[in-house]
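The structure under discussion appears below in the form of structure tokens.
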Amino acid sequence: MLDADQDPPRLTLLAGYASDGRDTENKQIRLGQGIVGQCAIEKEKILLENLPPDYIRIASGLGEATPLNIIVLPIVFEGEVKAVMELASFDRFTTTHLAFLEQLTESIGIVLNTIEANSRTEELLEQSQGLARELQSQQEELQQTNEELEEKARLLADQNQEVERKNKEVEQARRALEEKAEQLALTSKYKSEFLANMSHELRTPLNSLLILANQLAENPDGNLSPRQIEFARTIHSSGHDLLTLINDILDLSKIESGTVSVEVGEVGFQDISEYVERNFRHVAESRNLGFTIEVDPSLPRGMQTDAKRLQQVIKNLLANAFKFTEQGSVTLRIFPALTGWSPEHPTLGRARSVIGFAVSDTGIGIAADKQQIIFEAFQQAMGGTARKYGGTGLGLAISREISRLLSGELKLQKSAPGQGSTFVLYVPQNFVPVKSRRDEAPKVTVLPSGGSASASGAPAPAPVSTRPAPAPVSARPVVPGHSLVDESTVYDEFIDDRDRLAPGDRVVLVVEDDFAFARYLYELSHEKGFKALVTSRGAASLALARELKPSAITLDISLPDVDGWRVLDRLKDDPATRHIPVFMISVADEPERALQQGALGFQSKPADKEALGKIFDQLREFVDRRLKKLLVVEDDEVQLHSIIELVGNGDVSTVGVSSGREALEALAREHFDCMVLDLLLPDLPGLELLEQLKKQPQLRSLPIIVYTGKDLSKKEETALKKMAQTIILKDVRSPERLLDETALFLHRNAANLPAHKRQILENLHRSDVLLAGKKILLVDDDVRNIFAMTSVLERHKMDVLPAETGMDALDLLEKNPQVDAVLMDIMLPEMDGYETTRRIRQMPAFKDLPIIALTAKAMKGDREKCLEAGASDYIAKPVDTEQLLSLLRVWLYR
Numbered sequence: 005m006l007d008a009d010q011d012p013p014r015l016t017l018l019a020g021y022a023s024d025g026r027d028t029e030n031k032q033i034r035l036g037q038g039i040v041g042q043c044a045i046e047k048e049k050i051l052l053e054n055l056p057p058d059y060i061r062i063a064s065g066l067g068e069a070t071p072l073n074i075i076v077l078p079i080v081f082e083g084e085v086k087a088v089m090e091l092a093s094f095d096r097f098t099t100t101h102l103a104f105l106e107q108l109t110e111s112i113g114i115v116l117n118t119i120e121a122n123s124r125t126e127e128l129l130e131q132s133q134g135l136a137r138e139l140q141s142q143q144e145e146l147q148q149t150n151e152e153l154e155e156k157a158r159l160l161a162d163q164n165q166e167v168e169r170k171n172k173e174v175e176q177a178r179r180a181l182e183e184k185a186e187q188l189a190l191t192s193k194y195k196s197e198f199l200a201n202m203s204h205e206l207r208t209p210l211n212s213l214l215i216l217a218n219q220l221a222e223n224p225d226g227n228l229s230p231r232q233i234e235f236a237r238t239i240h241s242s243g244h245d246l247l248t249l250i251n252d253i254l255d256l257s258k259i260e261s262g263t264v265s266v267e268v269g270e271v272g273f274q275d276i277s278e279y280v281e282r283n284f285r286h287v288a289e290s291r292n293l294g295f296t297i298e299v300d301p302s303l304p305r306g307m308q309t310d311a312k313r314l315q316q317v318i319k320n321l322l323a324n325a326f327k328f329t330e331q332g333s334v335t336l337r338i339f340p341a342l343t344g345w346s347p348e349h350p351t352l353g354r355a356r357s358v359i360g361f362a363v364s365d366t367g368i369g370i371a372a373d374k375q376q377i378i379f380e381a382f383q384q385a386m387g388g389t390a391r392k393y394g395g396t397g398l399g400l401a402i403s404r405e406i407s408r409l410l411s412g413e414l415k416l417q418k419s420a421p422g423q424g425s426t427f428v429l430y431v432p433q434n435f436v437p438v439k440s441r442r443d444e445a446p447k448v449t450v451l452p453s454g455g456s457a458s459a460s461g462a463p464a465p466a467p468v469s470t471r472p473a474p475a476p477v478s479a480r481p482v483v484p485g486h487s488l489v490d491e492s493t494v495y496d497e498f499i500d501d502r503d504r505l506a507p508g509d510r511v512v513l514v515v516e517d518d519f520a521f522a523r524y525l526y527e528l529s530h531e532k533g534f535k536a537l538v539t540s541r542g543a544a545s546l547a548l549a550r551e552l553k554p555s556a557i558t559l560d561i562s563l564p565d566v567d568g569w570r571v572l573d574r575l576k577d578d579p580a581t582r583h584i585p586v587f588m589i590s591v592a593d594e595p596e597r598a599l600q601q602g603a604l605g606f607q608s609k610p611a612d613k614e615a616l617g618k619i620f621d622q623l624r625e626f627v628d629r630r631l632k633k634l635l636v637v638e639d640d641e642v643q644l645h646s647i648i649e650l651v652g653n654g655d656v657s658t659v660g661v662s663s664g665r666e667a668l669e670a671l672a673r674e675h676f677d678c679m680v681l682d683l684l685l686p687d688l689p690g691l692e693l694l695e696q697l698k699k700q701p702q703l704r705s706l707p708i709i710v711y712t713g714k715d716l717s718k719k720e721e722t723a724l725k726k727m728a729q730t731i732i733l734k735d736v737r738s739p740e741r742l743l744d745e746t747a748l749f750l751h752r753n754a755a756n757l758p759a760h761k762r763q764i765l766e767n768l769h770r771s772d773v774l775l776a777g778k779k780i781l782l783v784d785d786d787v788r789n790i791f792a793m794t795s796v797l798e799r800h801k802m803d804v805l806p807a808e809t810g811m812d813a814l815d816l817l818e819k820n821p822q823v824d825a826v827l828m829d830i831m832l833p834e835m836d837g838y839e840t841t842r843r844i845r846q847m848p849a850f851k852d853l854p855i856i857a858l859t860a861k862a863m864k865g866d867r868e869k870c871l872e873a874g875a876s877d878y879i880a881k882p883v884d885t886e887q888l889l890s891l892l893r894v895w896l897y898r
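Residues in the sequence shown are numbered from 5 upward in steps of one, following my numbering.
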């Protein structure tokens, strides 16, 4: 029979006998193997005759003999070979035999197929019976499971009823909480509005009081007696005391409402010591008190926290110590703390290192029954109408809340009447955000080391906005040098090179808020031979540029706090940083604006490695090349020599040409860093020369200063502004401006100029010179403020147009389109300052007009609202005169 399970298939010999008596039944034969195999393949009988004597013998019990014929027959059923039958005969097979055998093989095929089918049926039956038994078992198990599920369903139904009952109770409690929350939110809203309005109502008269008192104290006309000047100073001092009270109340309110941000940066203990020495040494001397500052020598160089807030707490504690100490001494001790804070404190117990700031005095001390209430708002140990010491009782309350913001704790360590007191502030060495009492993560801004406070102790410019940082997984420290914060996560920090700088290093300041791109620029700067400082904030970049004097700066425009254009303006306005080459890298494709504002170049994002590498190559070449080259195109020989004499110095090589053709040849022959161009040339107009230059890609970034005596039409002026960085019309003051503009675009350090040229630039940048003759629209509904502000502005020779309402301001602008800037109060009747600013911006003629918002509202978000409405800048009342003049100088100078 065929064996279907083997490959190639084998045959089973159905019957036959060998001469040696071996039974050949069930002998396995492959298809195609021998005659049997051949028969199976061909499905045809094979008849063998005249067999050799030794081929095969048929034996019986009595004897044996050689057969005469052998026939091999395929047993086929429905075209499929089931077996092969081999027969031997002593006689020849006749036709009848063959016919019979063929019929027989058909019957055998049927029988074999039937047997095979029956075998399969038996196997399937056995399988079916086994499955039936298994199914029966599973049914029994399923029935048992169903019974258990029914029982659990009954229990679950009972539990659901209980949960539903509790849910109803929770829903009722939730509704009650929502009602209370709505009431609290409404109360908070009313409180915030009240504080904002109170701030406005108090700051508005304070503004005029402080400004006018300051003007009187300065006595510009010299007509006041020393006693009258002293009166004015007393008024000014009292006004400042009142302003401090207002600020304290607002501070406490903002802290309690959770709207105060934390700006984390590196704070040096030496800086804290110097800040305290500067602010309190004269107090100690004036009161004949001893004053000691002790800094533990085992302390590290600094800590990571908010410098401004830390200074505020220390200042409050020291002010109280001096206030309540009439004899003896006051001591500030800074030390690594191991214990002393509350055991349940959520941060200090798990902080790697804690710093203690202990303020001790030998003053009046605090009675035991008063030691708890002193930390409450408006509470004092010596209250009542007969109290000896003044004050509002807000200092310690504010200090306690600030200590919580800093993830620390303020404690009264010891005190006794007549024996003095010791307050200790405990703060983690590395700031770790914790959940506030309102269950919100505090808003954290990470500043670079050195960027949180200036050398004088004054805080750096506050950021426009901060982003909520996530609660950290572990109490990891914030590494100095990194300042990049994302909305959803604090990136892995990296340390820049600020602690590894040495004299002679090439240093690039990378100002970029995209962490990955900043890291790439940091690594690329190393490849190109620079050390790198990295920050994501504009305010910090200004502080770093002033403090560390980098060789070059790469500046992004979209920064989280200060717009990159404003950073560039301030860098180029500050004599200390004006010479530093700045390369703008931003998605905002405004190369012309960047070049006009004094940038060395502009690169659009995204940029490949080759383009970024060229930036650093260009910066390195510019930094290493001490001698800058200036091309002067002037056909008047006297004027040409005057310009060369004016600009020339050891750090500038000036080449003079007298025609446009010579200018093109010179530019094709060598590289120049800046060009001064007269429009009246003998061979071709200056505009045509400019157009030819701008068609050459290698000259598109060449700074061009148009210096001409030609009267320009409006069309010519518009065309020139598109192609040149600056236009200077020749007049009596133009040489000074030309010196200033060439210094800007050649990135010359004013400190290296001769004394008389430095004096020219200093005079040019003085406020009186820059602001004289400027027309200012002053919008304020308070006549006292208009009077005070007008006095200040007119003193600097500015013309002031006053307006008491928004509509008056719009009418004055239409009648006086030559207004140079607007000072806009926010709290105005009928149409507030926001809407007035928006209406001004809708007027095409004033879309670029500088508008500086003035507001007495000092609540969070006021600055953002002003800028969103279209204001160019923002300043809070009471107005600091110098700050206002500085802002006007920045916005009006260029």
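Idealized CB from N, CA, C, for every residue including glycine.
- For the 8 Å CB-CB criterion, ILE589 and LEU575 do not form a contact.
- By the criterion of a C-beta distance shorter than 7 Å, LEU888 is surrounded in its chain by ILE879, once the five residues flanking it on both sides are discounted.
- The three-state secondary structure of THR794, taken from DSSP, is helix.
- Contact between the region 421-439 and the region 334-346 is present: 3 or more CB-CB pairs across the two stretches fall below 8 Å.
- Annotation: the continuous beta strand (DSSP E) that includes TYR711 extends over 708-712.
- Taking C-alpha positions only, ILE215 is separated from THR885 by approximately 7 Å.
- Taking a C-beta distance under 8 Å as the contact criterion, LEU775 and LEU805 do not qualify as a contact pair.
- Put simply, of GLU872, LEU891, GLU222 the residue whose alpha carbon is nearest the alpha carbon of ILE239 is GLU222.
- For SER93, the uninterrupted beta strand (DSSP E) run begins and ends at 84-93, by DSSP.
- Secondary structure at PRO209: helix, using DSSP grouped into helix, strand and coil.
- Beta-carbon to beta-carbon, ALA747 and LEU724 are separated by about 21 Å, too far to satisfy the 8 Å threshold.
- DSSP, reduced to helix, strand and coil, places TYR430 within a strand of the structure shown.
- Short of 7 Å from the beta carbon of GLU625, and not among the five residues preceding or following it, lies no beta carbon of its own chain.
- Exposure of ALA615 is indicated by the presence of fewer than 16 other C-beta atoms within 10 angstroms of its C-beta.
- For GLU53 and THR98, the gap between their C-alpha atoms comes out near 12 Å.
- Counting C-beta pairs closer than 8 Å gives three or more between the region 77-95 and the region 41-49, which meets the contact rule.
- Put simply, the region 656-674 touches the region 689-701. At least three CB pairs are less than 8 Å apart.
- Of GLU281, LEU528, ASP560, the smallest CA-CA separation from THR539 is found for ASP560.
- Put simply, of GLU740, LYS778, GLY777 the residue whose alpha carbon is nearest the alpha carbon of HIS760 is GLU740.
- With a threshold of 16 other beta carbon atoms within 10 Å, TYR711 meets it and is buried.
- Contact annotation: PHE328 and ILE297 have beta-carbon atoms that are not nearer than 8 Å.
- Restricted to the region 267-300, the alpha helix (DSSP H) segments that are unbroken, complete and at least 4 residues in length are 273-290, listed in chain order.
- Looking only at ASP682, THR730, LEU742, GLU183, the smallest Cα-Cα distance to LYS714 is reached by ASP682.
- Taking the CA atoms as reference points, ILE370 sits about 19 Å from GLU413.
- According to DSSP, GLN822 shares a beta bridge with no other residue.
- In the three-state scheme derived from DSSP, where H, G and I count as helix and E and B as strand, GLY542 is classed as helix.
- Listed in chain order, the non-local C-beta contacts of PHE620 below 7 Å within the same chain comprise LEU528, SER529, LYS532, PHE534, local neighbours out to five positions each way being set aside.
- In the three-state reduction of the DSSP assignment, ASN223 falls in the coil class, being assigned neither a helical nor a strand state.
- Segment contact: the region 501-510 against the region 594-603, fewer than three CB-CB distances shorter than 8 Å; contact not assigned.
- Between VAL334 and ALA323, the CB-CB gap reaches or exceeds 8 Å.
- Secondary structure note for GLU53: its beta strand (DSSP E) is the uninterrupted segment 50-53.
- Within the same chain, Cβ atoms closer than 8 Å to the Cβ of LEU634 are found at VAL651, VAL656, SER657, THR658, VAL659, PHE676, ASP677, CYS678, MET679, VAL680, THR746, LEU750, the five residues on either side in sequence being excluded.
- The C-alpha of ALA849 is placed about 10 Å away from the C-alpha of GLN822.
- When only Cα atoms are considered, LYS801 and LEU546 end up about 30 Å apart.
- The continuous beta strand (DSSP E) containing TYR878 extends over residues 877-880.
- Note on geometry: alpha-carbon atoms of LEU858 and LYS881 lie some 6 Å from one another.
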